[in-house]
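Below is one structure, written out as structure tokens; comments come after it.
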Amino acid sequence: MACCGHGGAGRSQMTGPFGGWDVVASNLRAQADQPSQLLRDGQRAALFALADRLPHNGVLIADEVGMGKTRIAACLTNAVVSAGGRVAVLIPPGLGFQWQREFRAVGQGNVPSILRSYWAYREIWRKKSSEKALFREPVLLASHAFLNWRLGINSAQWRWEQLRAMRAIWKNLRPAKDEDPWIARAARDICAYLKVQASAPGEEQIARIAEALFGHSPGNDYGDPTQYEVTGPMRGHLEQAICLGLGQFDLVIIDEAHKGRATESKLSVLIDRLWRAENARRVGLTATPVELDSNQWLQTLCRIGVSGEEYAALNGKIECYQQSVSALRSCWRTNAGARDTYVEAAHDFQSGLSQYVLRRDKRSDPMVQTFASRTGESHDAYRWLHEINIDVMRLPIEWRQAVCAAEALSFTASGTDDLTTKRLRLTIGNGHGIASQLDQVMHYDEDDSKQDEADEEIATHLAGIAPLQSLDGMPKRQQRTKWWYEKLQRVSNAEQNGGIFNHPAILSAVKTIEEEVSKGEKVLVFGRYTRPMRALVALLNARAMLRALETGTPWPQAKLPDGDDDDARLALRAAWHQFGNVEALNEGEVDRRLGEQFKHYENIHRRLRAHLFERISEGLAANEGRERALLDKAREDGSDAIVVASLVRAISEMMEGENADDCIACAKAFRDLVAAVQASEDPDQETSKEQDADDKGAIAPPQIESLWLQLKTRLSEEYGTTRGGHARLMYGGTKHETRRLLQAAFNRPQSNPKVLVAQSVVGREGLNLHEACRIVVLLHPEWNPGVVEQQIGRVDRMGSRWEREMETFNGAPSEAPRIEIRPIVFSGTYDEHNWQVLQKRWDSLRAQLHGIVVPTRERATATDAEHEIIRALDESAPNFSPEKEALS
């Protein structure tokens, strides 16, 4: 039962009565009119558009990746709070840092840390005072997975007893003798809060909510833990009772609103359980409201409250538009009737959705417009998609056999039910190509578990995979699958002789990456399985080390790692032979040369160390109290040689290529380190680590010691050992502190890593990797265009390297900088078919979201007459830009 439509007096004590949506609209317009560097013109236009729409309905902010949706939502939050309202912001568990940063930027600096778990909820009542009760907060950040609890007969009592405790207080019953004291305080405070609200005029609905929660079931059901299991009859009541403790909301913002679209998903349940005021609004944020199926539009629009007759009307318009796009794609040059049908459908599509949808895409981006003006190409051509093709016929015989086996498995793996072939089915069902299938045999259960979960969800939607069939009657198919799998495994998993380092996809990636790095570029690589990604990282580092030894370039490593089977040694041997050496590698000689050159590396650090603290102090601004306090702690620990050495190495690597005597540069490197550590959040962590911070980000003295201990730990783990960091890996098991440090280093143009290899499910959200990189390599190309958009969005963002290069570019149009996307494709195989399917799906997505009904690849060969047709179609394409609306 949804807690919506239950009056409007349920105010937090931090706010007054909600002034209504006309007041919010006035506040939004005032923010948009203020002269400020915080907002770009497109964001200001979005605030005006929100002011027009929110008095009537919810809104979907569907801006393209990297265009500043979160900043708009933060300004909207300000407008609602200023009007006396309360806001719930539902976000993926790892994005709390970005949201806190945006709130601080717009002056909303006291938002509590993200609420991730029921433990964190309960912990608020650890103290007797209820001053920090969540229903008192004007803004609440909560994880999408907040209600993702596993409850049952063996669950601790505190996990399920809040409903029973609230019922006892509400009905004046005797509380249970063994009640958890924190839960008892929570129940008492929440019920007192509800009774105050229930006494306000127009709040008789609260009594009906209470009756529904506390009155219908027999009393003994409330004390039975099995009643609270996922499908238990009391589970929904418990969830709703807990959400009542969050208070009543006037606005619910749903970040990544495309996630968990199904009505039974935990995010959908959380949205439904929240207590919303009668006139509450929902605002969704997503760059991909539709990914694979036009019906996903409707699922996403439901998130913002679209229903009933309007839902049915939109359904027809969405379907007609999709059909017109499909029909037009094959005959846009010759069929005027199809073009007219498209124009009419596009008009209806835009008119139907425009009341609910705002979308700024790259058509309105000033730098993309500059690109189009200087090159004479279409606005979407700033992204250059060009494959890294692998010619199968040129591969060694064993790898040709492996490709053949991977192709065969795509036919034989269906219908079997062992874990190995099930994973192959998911790989194939998701449309992943040969590289993914070759690497599936190197699957590591623990390291790849997060990727597996994502694959399960996508495969079910994409292919409608049926429940796995029994093997009865299928022995021959099982035997064929096993035979091909063993053939594939013998080649792909030949680790004893370093065979993985000669994997054709890895070698092709290495060749492309090294070419780009030699030009001063940084490269972001996306893959799916950690074993080949580790091999790619090890091989890139080994080859870079051999080059450094050859040229006398300092390398941060004193000797080879111990152990004969270490990836680094195997990769080094493979790299040695890849450079054309026939004789065996003399590892003793490599150790000797590493030791010799490392003396020079240490001398660089010694010189930096001599005046490091003074230079950092001189470069810090007077009001940077947090950084100065941490620097003082570092000085106090100056006798700890390991800590100081790690700090020096960290600053040195962050400043690579910069003047070590530059106080401003030293201070910035230190500031980036501190920010990365403080920003670190583990979304799987049970407890919530609140910081006693003021609205300027300064931390009270008791917290400095804790933050310094965190910084020391991170420095020791990341910089305590000396090994080359030319390429680094980020996967599901990478600590969140490490992810932030990697992000900070990757965003500095000269520092290592030059190459960041990220597991798709980890790297495609929540990380901004755009400041020094414009090239993305897809080691295992995805089949879902929405996922690829998210991956590209890591480097295609406001303030990117590409924007800076485009701003200063004055060369020939053909030499203009571009965002480069480099998928690895095995020519003449299933890969080519897979890539064609992806491009068609991508075309469909771009037609609906970007207004590009004629794909870029078809425009290059168009005649003048055809260009006129394209221009007319482009002008008729749906456009939900608030900037266009402001000009009309």
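243 is the number that the numbering used here gives to position 243 of the sequence shown; each next residue is one higher, with no gaps.
Idealized CB from N, CA, C, for every residue including glycine.
Predicted model, so just to flag it, every value in this text is computed and none were measured.
Check residue i in the structure and name its three-state DSSP category.
i, result
"Asp391", "strand"
"Ser143", "strand"
"Asp221", "helix"
"Ser827", "strand"
"Glu280", "Just to set this straight, residue 280 is Ala in the shown sequence, not Glu. Reduced to three states, the DSSP call for Ala280 is strand."
"Trp783", "coil"
"Glu868", "helix"
"Trp297", "helix"
"Asn879", "coil"
"Asp567", "helix"
"Gly527", "strand"
"Cys773", "strand"
"Val290", "coil"
"Leu419", "With a pLDDT of 44 at Leu419, under the threshold of 50, the modelled position of that residue is not reliable, and no figure is offered here."
"Val89", "strand"
"Glu802", "In the sequence on display, residue 802 carries Trp and not Glu. In this structure, Trp802 counts as helix in the three-state DSSP scheme."
"Ile61", "strand"
"Ile206", "helix"
"Leu50", "helix"
"Val252", "strand"
"Val106", "coil"
"Trp708", "helix"
"Arg101", "helix"
Can you give the beta carbon distance from residue i to residue j, rounded, assuming they're within the 8 Å contact cut?
i, j, result
"Trp125", "Trp182", "5 Å"
"Val854", "Val517", "Actually they do not touch by this definition, with Cβ atoms about 35 Å apart."
"Arg609", "Leu729", "At roughly 29 Å, the Cβ-Cβ gap does not stay under 8 Å, so Arg609 and Leu729 are not in contact."
"Gly786", "Glu264", "So it is not a contact: roughly 21 Å between Cβ atoms."
"Ala891", "Ala186", "Nothing about residue 891 can be read from this structure; the chain reaches only from 1 to 888."
"Glu883", "Ala45", "4 Å"
"Glu771", "Asn747", "4 Å"
"Thr530", "Tyr382", "Their Cβ separation, rounded to whole angstroms, is 32 Å, which puts Thr530 and Tyr382 out of contact at 8 Å."
"Leu767", "Arg739", "7 Å"
Count the other CB atoms within 10 Å of the CB of residue i; is the residue buried (16 or more) or exposed (fewer)?
i, result
"Ile824", "buried"
"Asp22", "exposed"
"Gln37", "exposed"
"Thr553", "exposed"
"Ser706", "exposed"
"Val762", "buried"
"Phe579", "exposed"
"Cys331", "exposed"
"His503", "buried"
"Glu636", "exposed"
"Val776", "buried"
"Lys735", "exposed"
"Gln836", "exposed"
"Tyr719", "buried"
"Arg893", "Here the chain has residues from 1 to 888 only, and residue 893 is not among them."
Less than 8 Å between the C-beta atoms of residue i and residue j, yes or no?
i, j, result
"Pro93", "Ala145", "yes"
"Arg273", "Cys302", "no"
"Val523", "Ala287", "no"
"Phe103", "Gly109", "yes"
"Arg394", "Glu866", "no"
"Lys599", "Leu285", "no"
"Val252", "Ala280", "yes"
"Met542", "Ala575", "According to the sequence displayed, residue 542 carries Ala and not Met. Their beta carbons are under 8 Å apart, which means Ala542 touches Ala575 by this criterion."
"His780", "Gly527", "yes"
"Gln43", "Ile72", "yes"
"Asp874", "Gly851", "yes"
"Leu267", "Leu90", "yes"
"Asp63", "Arg261", "no"
List the residues that DSSP assigns as beta-bridge partners of residue i.
i, result
"Ala727", "Val755"
"Leu560", "DSSP lists no partner for Leu560."
"Lys522", "Cys773"
"Trp895", "Since the first and last residues shown for the chain are 1 and 888, residue 895 lies out of range."
"Val677", "Answer is none; Val677 lacks a bridge partner."
"Leu358", "Ile61"
"Leu115", "Ala142"
Is the shortest distance between the beta-carbon of residue i and the beta-carbons of chain B less than 8 Å?
i, result
"Thr288", "Although the question refers to chain B, the structure presented lacks it and comprises just one protein chain."
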